[in-house]
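Residue numbers (the numbering used here): 351 to 594. The C-beta atom is built at its ideal place from N, Cα and C for all residues, glycine as well. In this text, all values refer to a predicted model and were calculated from it rather than measured experimentally. Before any comments, here is the structure.
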Amino acid sequence: MTASERGAIQFGDTQIAYAVVRSWRRKKTIQITIDREHGVLVASPLRTSAKIIADVVRARANWIMRTSQAAASSPERQQLVSGESLPYLGHRGPLAVVATNVVGATVRFTNSTFEVAVQQSLEGENRRAAIAKALERWYRKRAEECLEERVSYWSLRMALKPTRVLIRGQKRRWGSCSLDGTLRFNWRLVQLTLSLIDYVVVHELAHLRVPNHSPLFWESVAGTLTDFKLRRKQLKQDGATVGI
Ligand SMILES: [Zn+2]
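Set out below in structure tokens:
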């Protein structure tokens, strides 16, 4: 991507600088995207004037500020190379990547080490993507086993039974409970410590009894986990640090 054209607008005390990428394929609309690496990018049709682009950026300044703050505080994207580490059940295990003749990538977890074999011919972003995909597959499998076990453990104690348990990849939710009694859990949960996994499990099970977050609901959670407030706070902190 090349963006030689730059602009900036003043928004309160803040200057929002942006790069403009023009394309003949873009007929009318102007699109703004934000990421950690490139900052604010404006995709625009070939002939849109700099003033119109600045106006569009100004109109979306609030959203740009909010989104760039969120991007800056999200965990650093890992390269997925040897020497880095990955979370599992609240601990971090070293990552060791070797290039072999496998297709794509495979993960083995031994002695708390993530051993990843990756296809020799893959390079750069393709290599990272193959490793990320294999790791997600591995985490999802662990999440299935772990959550099935924890749900049946807490179901017994709370005398509540979900109709089914599914593993999902929602970006911003740890779990959910739908009206038909289905519990959904985020696979990233297994990156956290067991006491936080249990909090999410108890929370979602309690929704089978009380579907909202009323005092009655929290009473039900507290009846099972007396220290739920601590765990909830911890989940907010630790939850922000996981992900691949
Ligand atoms: Zn809830």
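Simplified DSSP assignment, three categories, for residue i
i, result
"Gly525", "strand"
"Gln311", "This structure cannot settle anything about residue 311, because the visible part of the chain is limited to 351 through 594."
"Val592", "coil"
"Gly474", "helix"
"Thr574", "helix"
"Leu391", "strand"
"Leu445", "strand"
"Arg581", "helix"
"Arg397", "coil"
Residue i beta carbon near ligand 1 (any heavy atom closer than 7 Å)
i, result
"His441", "no"
"His388", "no"
Inter-residue CB distance, residue i and residue j (contact presumed, cutoff 8 Å)
i, j, result
"Lys506", "Arg559", "What sits at residue 506 in the sequence shown is Leu, not Lys. Not quite, the Cβ-Cβ distance comes to about 15 Å (not below 8 Å), so this is no contact."
"Trp610", "Leu430", "This structure cannot speak to residue 610, because the chain is shown only from 351 to 594."
"Leu546", "Arg534", "About 17 Å separates the two Cβ atoms, so there is no contact after all."
"Thr417", "Pro444", "Not confirmed; about 33 Å, so no contact."
"Pro437", "Gln541", "4 Å"
"Ile380", "Ser394", "5 Å"
"Asp548", "Arg500", "6 Å"
"Val390", "Ile414", "6 Å"
"Leu485", "Val457", "6 Å"
"Val466", "Ala446", "7 Å"
"Arg356", "Ala367", "7 Å"
"Ala411", "Ile359", "7 Å"
"Ser435", "Arg442", "4 Å"
"Gly525", "His563", "With a Cβ gap of about 13 Å, Gly525 and His563 do not count as contacting."
"Trp537", "Arg490", "5 Å"
Any non-hydrogen atom of ligand 3 within 7 Å of residue i CB
i, result
"Ala411", "With respect to small molecules bound, the structure shown includes ligand 1 and not ligand 3."
**Report entry** Closer than 6 Å: residues whose CB approaches a heavy atom of ligand 1
**Finding:** His553, His557, His563
Query - Length at least 3, wholly inside the stretch 401-438: the beta strand (DSSP E) runs in chain order - result: Fully enclosed beta strand (DSSP E) runs of 3 or longer: 435-438.
Query raised in the report: Counting only runs that start and end within the stretch 497-561, where is the beta strand (DSSP E) found for 3 or more residues in a row?
Result: 514-518, 525-527, 532-536
Query raised in the report: Where in the stretch 353-389 do unbroken runs of the beta strand (DSSP E), each at least 3 residues long, occur, reported from the N-terminal end onward?
Result: For the stretch 353-389, whole beta strand (DSSP E) runs of length 3 or above, ordered along the chain, are 355-361, 364-373, 381-385.
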